[in-house]
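Q: Going by this note's numbering, the first residue of the sequence shown is number 709, and it counts up by one from there. Yeah, the Cβ is synthetic: ideal placement off N, Cα and C, and Gly gets one too.
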Amino acid sequence: MRYLSWIVTLPIALVAVLFAVSNRDGVTLSLWPLPFTLDAPLYLAALLALLAGFLAGGFVVWNSQRRHRRRARRESNRVLFLEREVKEAQARAIAAEKRLADLSRPVSGPLGAPGLPVAAAASVPTVH
């Protein structure tokens, strides 16, 4: 990508320099309703006109893409909100699983013998 940039930029810069060197004659610039005039080299007037056109075109394109940028920003904020909600839900699920594991673990074995498996409790007779 860097090489492509140089391949495009160098010829344009070379043409601009050759244009500037070839057109050093002076021109008078004026805007009709205003009484001001400006004497400038022809290359400066032409290059400034090209720059003004480039900037105006860039502004028009940037302004026309405003709707898409706004939508992308809104969707990005929504994604961040939903990711935060997913993390909170995962944290709640982990806490609930931990509470469930704590509740399903026997506190003590049958007849007060800690560490006995739960299946051993089935062998103890029950009175109805």
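Pull up the distance between the alpha-carbon of residue 738 and that of residue 755, whole angstroms please.
A: For the purposes of this step, residue 738 is taken as residue 30 along the sequence shown, with counting starting at 1. For the purposes of this step, residue 755 is taken as residue 47 along the sequence shown, with counting starting at 1. One C-alpha to the other measures close to 17 Å.
Q: Our contact map puts residue 751 next to residue 731 with C-beta atoms below 8 Å; I'd like the distance itself, whole angstroms only.
A: Reading the sequence shown from its first residue, position 43 is the one you call residue 751. Reading the sequence shown from its first residue, position 23 is the one you call residue 731. Residue 751 to residue 731, Cβ: 5 Å. Contact.
Q: Can you tell me whether residue 763 is helix, strand or coil according to DSSP?
A: In the sequence shown, residue 763 corresponds to position 55, counting from 1. Looking at residue 763 - three-state DSSP - the assignment turns out to be helix.
Q: How far does the alpha helix (DSSP H) with residue 742 in it reach, from first residue to last?
A: Your numbering for residue 742 matches position 34 in the sequence shown. Here residue 742 belongs to no alpha helix (DSSP H), and DSSP marks it neither H nor E.
Q: Put residue 814 into one of helix, strand or coil per three-state DSSP.
A: What you label residue 814 is simply residue 106 of the sequence shown in a count that begins at 1. DSSP places residue 814 in coil when its eight states are reduced to three.
Q: Can you give the Cα-Cα distance for residue 811 and residue 804, rounded to whole angstroms?
A: As a working note, residue 811 is residue 103 in the sequence shown. As a working note, residue 804 is residue 96 in the sequence shown. The alpha-carbon atoms of residue 811 and residue 804 are separated by roughly 10 Å.
Q: Could you check the C-alpha separation between residue 765 and residue 743 for me, to the nearest Å?
A: Translated into the one-based positions of the sequence shown, residue 765 becomes position 57. Translated into the one-based positions of the sequence shown, residue 743 becomes position 35. Approximately 29 Å between the Cα atoms of the pair.
Q: Find out if the Cβ-Cβ distance for the pair residue 735, residue 753 is shorter than 8 Å.
A: Residue numbering aside, residue 735 sits at position 27 when the sequence shown is read from its first letter. Residue numbering aside, residue 753 sits at position 45 when the sequence shown is read from its first letter. A contact, by the Cβ cut-off of 8 Å.
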